[in-house]
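A.B. asks: After the structure tokens below, expect a handful of questions from me.
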Amino acid sequence: MKPKIWQQMCVLSLLPAFTGYTQAAGFKVNEYSTSALGAANSAGAAQANDATTVFSNPAGMTQLSKQQVIGNFSLIDIDAEFSNNGSFDAAGQPVAGSSGGNAAPLLHVPAGYWVKPLNDTMAVGLGITVPYGLTTEYNSSFVGRYGALESELLTVDFNPSFAMELSDNFSVGFGVSARYADVTLSNAIEYGAVCFSALAPTLGAAAPAACVANGLAPQAVDGTVELAGDDWGFGYNIGVLYHTDSFKVGAQYRSKVEFDLEGDANFTNPAIVNAVLGAGGAFADTGITAELNLPETWNLSAAWMINSQWTIMADYLHTQWSRFRTLAVEFDNPAQPDLVEKEHWDNVARISVGTEYKHNDQWTFRAGIGHDESPVPDEYARPRIPDSDRFIYAVGFAWSPDQHWTVDAAYNLLIADDSDLASEGNYGETLIGSYDSTKVNLLSVGLTYTF
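Just so you know, the sequence shown maps onto residues -24 to -1, 1 to 427 in mature numbering (1 follows the signal peptide of the UniProt record, and there is no 0).
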């Protein structure tokens, strides 16, 4: 087979894998604060009652009169399984395979904060958080294995911050972010379908016979590719807070962060594939680079202290996913042409309301409800991230046995809308099915030390 044809096949086979970069970035992590989770994150940029305000609004650090350290830990149990509904390959035959099992393992999300007042009007702080992340895993027999097997995005954000009170009622805050991103993705390569798609434009109806003659019948020969890359990126955030004795309103903007990921593509190919490739050089381990852009966000929040015990809160969070229009990937191997793929993400919003009841100096109780939109339109949904709009139901409490220690706990139930897929692959296969009755159970605990 000519090297040019193998170059075409290489481009077609790798597109599903690199699509995972964008979809992984689309999974925004909201588990930055146990106390905020207890009210469905409705406290947002306004409440500013503990050191987690470093993340939600650095201006709120001026509301803390003492030094404070917080550690939070969240466990996330996702119940999401794919139901196949007639997926077929390039030849129009049903794709053999299973549901892939539960799409995600048990996940854990840590976060840590420190705030120190410098005087009556200024404070500094540091937040270490995981603002974006994704982990999905399917078994090797998954009917959608050609689009996804394993997907993992890890980000860690280091966010030193400064705040100043400009008047008795108005504060501003600013922070810089040094953010690390690490991505690992894998999928199966259906070399029969790749061959069919690559030869069909030139050979037409004769393409299947030509592929079979080369030992590459549809669904007869699978390989795998694993892609990995990492990089550091930098951004900033700025917040404002207006507060009176009974009312607070806050706003924050977090900038986008850009990454130039560098790493490797590692292939596992059956012997027949290596034999046909010959000296063509395609589907060989090689270095890669890829662009990853995590979008800017802004939110507006309000908190009303009705009396000494009751507070009601509301938050609006906007994420600018429309920034993410294309994905560009370069390969060190000249036999593998560079890739540019269009994306179709939408701007999205999360809206939440909640309440907090201070029973006494030791006990505080919280509850809230929210609605979180998915950035992925149904027509572009893929198995890397089985995402859809979801409602969030939250409860939580805080226990302060003395003036130094506070224990926070929160539980969230997320109920997602059904997500239908009719995703055409880049080399002829079509995945048809749905994720129905997806639920997420989240448990978070936090420990605060004030001194």
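Virtual Cβ for every residue (Gly too), placed ideally from N, Cα, C.
1) Run through DSSP, which three-state label would residue 89 get?
2) Just verifying my parser: in three-state terms, what is the DSSP assignment at residue 95?
3) Quick check: the Cα distance between residue 376 and residue 56, rounded to an integer number of angstroms?
4) Can you give me the start and stop residues for the alpha helix (DSSP H) that residue 331 sits inside?
5) Near residue 26, what residues of its chain come up, given a Cβ to Cβ distance below 7 Å and the 5 sequence neighbours on each side ignored?
6) Does the Cβ of residue 147 have 16 or more other Cβ atoms within 10 Å, making it buried, or fewer, making it exposed?
7) What residue does the beta strand (DSSP E) around residue 399 start on, and which one ends it?
8) Which residues in the same chain as residue 359 place their Cβ atom closer than 6 Å to its Cβ, once the five residues preceding and following it in sequence are excluded?
9) State whether the region 366 to 385 contacts the region 62 to 75, with contact taken as three or more CB pairs (one from each stretch) at a distance under 8 Å.
10) Are the Cβ atoms of residue 392 and residue 408 separated by less than 8 Å?
11) Note down the Cα distance separating residue -2 from residue 112, rounded to an integer number of angstroms.
12) Would you give the residue range spanned by the beta strand (DSSP E) that residue 167 belongs to?
13) Just checking my contact of residue 9 with residue 28 at CB under 8 Å: how many whole Å lie between their CB atoms?
14) By Cβ distance, which residues of its chain are closer than 7 Å to residue 35, with the 5 residues on each side in sequence left out?
15) Please list the segments of the beta strand (DSSP E) lying wholly inside the region 95 to 162, counting only runs of 3 or more residues, in order along the chain.
16) If you draw a straight line from the alpha carbon of residue 369 to that of residue 144, how long is it in whole angstroms?
17) One question on the structure: do residue 5 and residue 151 come within less than 8 Å of each other, judged by their Cβ atoms?
18) Which residue wins for smallest C-alpha separation from residue 134, given the options 50, 105, 329?
19) Report the partner residues of residue 388 according to the DSSP bridge assignment.
20) Can you list, in chain order, the residues of its chain whose CB lies under 8 Å from that of residue -15, leaving out five sequence neighbours each side?
21) Are there 16 or more other CB atoms within 10 angstroms of the CB of residue 116, so buried, or fewer, so exposed?
22) Can you tell me where the alpha helix (DSSP H) holding residue 183 begins and where it ends?
23) Quick one: using the 10 Å Cβ neighbour count with 16 as the cut-off for buried, is residue 333 buried or exposed?
24) Rounded to whole angstroms, how far is the Cβ of residue 395 from the Cβ of residue 348, which I believe are closer than 8 Å?
25) At 3 residues or longer, and completely inside the region 7 to 31: list those beta strand (DSSP E) runs for me, N to C.
26) Ordered along the chain, which non-local residues of its own chain (more than five positions away) have a Cβ less than 6 Å from that of residue 255?
27) Given a cut-off of 8 Å, decide if residue 321 and residue 300 are closer than it, judged by their beta-carbon atoms.
28) If you draw a straight line from the alpha carbon of residue 420 to that of residue 184, how long is it in whole angstroms?
29) Determine the extent of the beta strand (DSSP E) in which residue 278 is found, giving its start and end residues.
30) Are there 16 or more other CB atoms within 10 angstroms of the CB of residue 293, so buried, or fewer, so exposed?
31) Take the Cβ of residue 60 as the centre, count every other Cβ of all protein chains shown within 10 Å, and call the residue buried at 16 or more, exposed below.
32) Let me make sure I understand the geometry here. Which of 276, 54, 205, 71 has the alpha-carbon closest to that of residue 400?
33) Please look up how many angstroms separate the CB atoms of residue 21 and residue 345, rounded, as I've assumed it's under 8 Å.
34) Where does the unbroken beta strand (DSSP E) through residue 238 begin, and where does it stop?
35) Give the straight-line distance between the Cα atoms of residue 157 and residue 246, rounded to the nearest whole angstrom.
36) Taking the straight line between their C-alpha atoms, what separation do you get for residue 82 and residue 212?
C.D. replies: The short version:
1) In the three-state scheme derived from DSSP, where H, G and I count as helix and E and B as strand, residue 89 is classed as strand.
2) Coil, per DSSP.
3) Residue 376 and residue 56: Cα-Cα distance of roughly 37 Å.
4) Residue 331 -> not in any alpha helix (DSSP H); beta strand (DSSP E) instead, spanning 324 to 334.
5) Excluding five sequence positions before and after residue 26, the CB atoms of its chain that fall closer than 7 Å to its own CB belong to 11, 44, 46, 424, given in chain order.
6) Buried, because 16 or more other Cβ atoms sit within 10 Å of the Cβ of residue 147.
7) Annotation for residue 399: the continuous beta strand (DSSP E) segment containing it runs 395 to 400.
8) If we look at residue 359 and ignore the five residues flanking it on each side, its Cβ neighbours are 120, 123, 124.
9) Using a Cβ-Cβ distance cut-off of 8 Å, the region 366 to 385 and the region 62 to 75 are not in contact, since fewer than three pairs of beta carbons, one from each stretch, lie closer than that value.
10) Result no, Cβ atoms of residue 392 and residue 408 do not sit closer than 8 Å.
11) Its pLDDT being 30, under 50, residue -2 is placed unreliably by the model, and the measurement read from it follows with that caveat. Going from the Cα of residue -2 to the Cα of residue 112 covers about 11 Å.
12) From DSSP, residue 167 is part of no beta strand (DSSP E) but of the alpha helix (DSSP H) over 167 to 179.
13) That pair is a contact at about 4 Å.
14) Answer for residue 35: 139, 147, 148, 149, 215, 216, 217, 226, listed in chain order.
15) List check, beta strand (DSSP E) in window: 98 to 105, 109 to 113, 126 to 141.
16) Distance between the alpha carbons of residue 369 and residue 144: 35 Å.
17) No, the pair does not count as a contact, with Cβ atoms beyond the cut-off.
18) Nearest neighbour of residue 134 by Cα position, chosen from 50, 105, 329, turns out to be 105.
19) Assignment of beta-bridge partners to residue 388 by DSSP yields 370, 418.
20) Summary for residue -15: the model assigns pLDDT 48, below 50, so the residue's position carries little reliability; its value from the coordinates is reported in the next sentence. Excluding residues within five positions, the ones whose Cβ falls inside 8 Å are 258, 259, 311, 312, 313.
21) Exposed, by the Cβ-count rule.
22) Element bounds for residue 183: 183 to 189.
23) Under the 10 Å beta carbon count, residue 333 is surrounded by fewer than 16 other beta carbons and is classified as exposed.
24) Not a contact, Cβ separation roughly 14 Å.
25) Along the length of the region 7 to 31, whole beta strand (DSSP E) runs at least 3 residues long do not occur.
26) Here the model assigns residue 255 a pLDDT of 49, short of 50, so the residue's position is not dependable, and the following value carries that caveat. Same-chain partners within the cutoff: there are none.
27) Going by C-beta atoms, residue 300 is nearer than 8 Å to residue 321.
28) Going by the C-alpha atoms only, they are around 54 Å apart.
29) In the DSSP annotation of this structure, the continuous segment of the beta strand (DSSP E) that includes residue 278 starts and ends at 273 to 281.
30) Residue 293 comes out buried.
31) Residue 60 counts as buried, since at least 16 other C-beta atoms from the protein chains shown sit within 10 angstroms of its C-beta.
32) Taking only the C-alpha atoms, the option nearest residue 400 is 71.
33) With 8 Å as the limit, residue 21 and residue 345 do not qualify as a contact, their Cβ atoms being about 19 Å apart.
34) For residue 238, the uninterrupted beta strand (DSSP E) run begins and ends at 233 to 244, by DSSP.
35) If you draw a straight line from the Cα of residue 157 to the Cα of residue 246, it comes to about 32 Å.
36) C-alpha separation (whole angstroms): 31 Å.
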